[in-house]
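Novice:
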Amino acid sequence: MELLEGQFPLGVWTDLRYEQEALVLNRSEELKKNTMGYVFKANGTLIVRDLAGWCGTPPIITDDYSGKWRLQGNILKIERQYWGGSFIQQWEILEAGSQQATIKLIESESRN
Numbered sequence: 001m002e003l004l005e006g007q008f009p010l011g012v013w014t015d016l017r018y019e020q021e022a023l024v025l026n027r028s029e030e031l032k033k034n035t036m037g038y039v040f041k042a043n044g045t046l047i048v049r050d051l052a053g054w055c056g057t058p059p060i061i062t063d064d065y066s067g068k069w070r071l072q073g074n075i076l077k078i079e080r081q082y083w084g085g086s087f088i089q090q091w092e093i094l095e096a097g098s099q100q101a102t103i104k105l106i107e108s109e110s111r112n
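The numbers in the UniProt record's numbering rise by one with no breaks, and the one at position 62 of the sequence shown is 62.
1) What residue does the beta strand (DSSP E) around SER86 start on, and which one ends it?
2) Is it the case that the Cβ atoms of PHE40 and LEU10 are separated by a distance below 8 Å?
3) From what residue to what residue does the beta strand (DSSP E) around ASN34 run?
4) Unbroken beta strand (DSSP E) runs of length 3 or more, entirely within the segment 3-84: which are they?
5) Going by C-alpha distance, which of GLY67, ASN74 and THR35 is nearest PRO58?
6) Taking DSSP's pairing of strands, which residues face ILE106 in a bridge?
7) Measure the CB-CB distance between ILE75 and GLY67 and report whether it falls below 8 Å.
8) Across which residues does DSSP place GLN100 in a beta bridge pair?
9) Express the C-alpha separation of ILE61 and GLN100 in angstroms, rounding to a whole number.
10) Around the Cβ of TYR18, are there at least 16 other Cβ atoms within 10 angstroms (buried) or fewer (exposed)?
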């Protein structure tokens, strides 16, 4: 599926927050230091800024992890690294606008 610049998921997404069972992502110009977020590139690669280790107690320290993604209808499939191994995830896209997207995690598998 060919996406146009500015269409979800292409670009930088941060300021993550949960609303009930969904995750809301906001478009940004960049990933700020020690904040979590995603950079989806047009070539199917992904950068995930996530916790640098197992501890989530402030102060939060993040690191960048590589991954890849593909879109099938309203399902976004992600394979990405994290400090403990890798995740394979499927997100259902509930809403997607030019500045905000709402997704629901429907499947997640961790591999060490």
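Using N, Cα and C, we set each Cβ at its ideal position, and we do this for glycine too.
Specialist: Short version:
1) Unbroken beta strand (DSSP E) run through SER86: 85-96.
2) The answer is yes: Cβ separation under 8 Å.
3) Per DSSP, ASN34 belongs to no beta strand (DSSP E) and is neither H nor E.
4) Listed in chain order, the complete beta strand (DSSP E) runs (minimum 3 residues) inside the segment 3-84 are 11-19, 22-28, 37-40, 45-51, 62-72 and 75-82.
5) The shortest C-alpha separation from PRO58 is found at THR35.
6) Looking at the DSSP assignment, ILE106 forms no beta bridge with any residue, so it has no partner.
7) Judged by beta-carbon spacing, GLY67 lies beyond the 8 Å limit of ILE75, meaning their Cβ atoms are not closer than that value.
8) Beta-bridge pairing links GLN100 to ASN26.
9) About 25 Å.
10) Under a 10 Å Cβ-count criterion, TYR18 is classified as exposed, with fewer than 16 other Cβ atoms of the shown protein chains found around its own Cβ.
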